[in-house]
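Be aware that the sequence shown starts at 1, since it is given in the UniProt record's numbering, and climbs by one per residue. See structure below.
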Amino acid sequence: MYNPQPEIQAGRVPGKAPTERDVLADERIGNEQIRELLRSFGLRTSLIRLKVIDALHAADRNGRSIGVRGVHAQLEQLDIPLSFLSVREVLKRLCSEGVIQLGSDKCYSLDPQARAVLERTPVR
């Protein structure tokens with residue numbers, strides 16, 4: 001039987017335009033894909049790694065790379081309480097493991113191999 005009620009997405013009010021936060025959340029990739037990425041590089045999963053990689057992937061899809069301040073600001077915008085130092089240390093570790101790359105402009109971007117893992121279609 002057809003249900004005429006509008007489908008309500010988590011945290012959204014029907015009939016209201018989506019906020020910037022809603023749009024950012026919709027662009028995010030699934031945690032399972034990031035977990036697969038971390039496993040493929042031999043790293044354990046942590047909340048901060050999930051969030052940092054997610055922020056870098058969102059920037060990558062928009063054709064840009066971002067620095068430590070940009071990643072931290074993006075996480076703050078999503079109300080994710082991580083310190084600047086924690087974000088910086090995670091970026092350094094991901095860089096040393098080859099998951100991300102540091103450009104000459106001090107901005108980070110996903111390694112092509114990492115990008116390929118994240119862009120695989122998830123199996124359901």
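Even for Gly, the Cβ is constructed at its ideal location relative to N, Cα and C. What you are looking at is a predicted structure, and each value in this text was computed from that prediction instead of being measured.
- I66 is bridged by DSSP to Y108.
- For G103, the CB contacts under 7 Å within the same chain, skipping 5 residues up- and downstream, are S65 and S109 in chain order.
- It is roughly 16 Å from the alpha-carbon of L50 to the alpha-carbon of A73.
- Put simply, the backbone Cα of V99 is about 19 Å away from that of N62.
- Excluding the 5 residues flanking it on each side, R35 has same chain C-beta neighbours closer than 8 Å at T45 and L50, in chain order.
- Assignment of I100 by DSSP, reduced to helix, strand and coil, places it in the strand class.
- S46: not part of any alpha helix (DSSP H); DSSP gives it neither H nor E.
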